[in-house]
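Here the structure is laid out as structure tokens; the discussion comes afterwards.
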Amino acid sequence: SKALQGNLDPNVLFAPPAQVEIEARKVLDSFGAPHSGSGQGPTHIFNLGHGISQHTPPEHVAALVQAVHNHSRNQRLPNR
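Numbering-wise (my numbering), the sequence shown opens with residue 767 and increments by one.
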């Protein structure tokens with residue numbers, strides 16, 4: 767199995783938290799429903815395309831982490 771890591775432009779973190787969440791969901795949705803264990807499906811490690819600027823608001827980073835956790839969890843639900 768192969769995995770892809772990355773795909774979110776770190777400049778997105780300067781957008782309002784609601785937009786950060788939308789952009790995170792777009793990245794996750796672009797890979798389809800993830801699989802667990804040895805199941806079939808894409809494997810994606812969510813990450814930024816580059817490092818985080820020192821001027822990035824910490825609450826925007828927190829919004830990103832929360833959005834990725836929530837949406838990843840929802841993608842794994844049966845019959846979503």
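Using N, Cα and C, we set each Cβ at its ideal position, and we do this for glycine too. Model, not experiment: these values are computed from the prediction.
The secondary-structure analysis by DSSP pairs N773 across a beta bridge with N813. With a beta-carbon spacing of about 15 Å, E825 and P776 fall beyond the 8 Å limit used to define contacts. The Cβ-Cβ distance between I818 and A769 does not fall below 7 Å.
For H835, the enclosing alpha helix (DSSP H) has its first and last residue at P824 to Q841. For A784, the enclosing alpha helix (DSSP H) begins and ends at P783 to S796.
7 Å or more divides the Cβ of E787 from the Cβ of V778.
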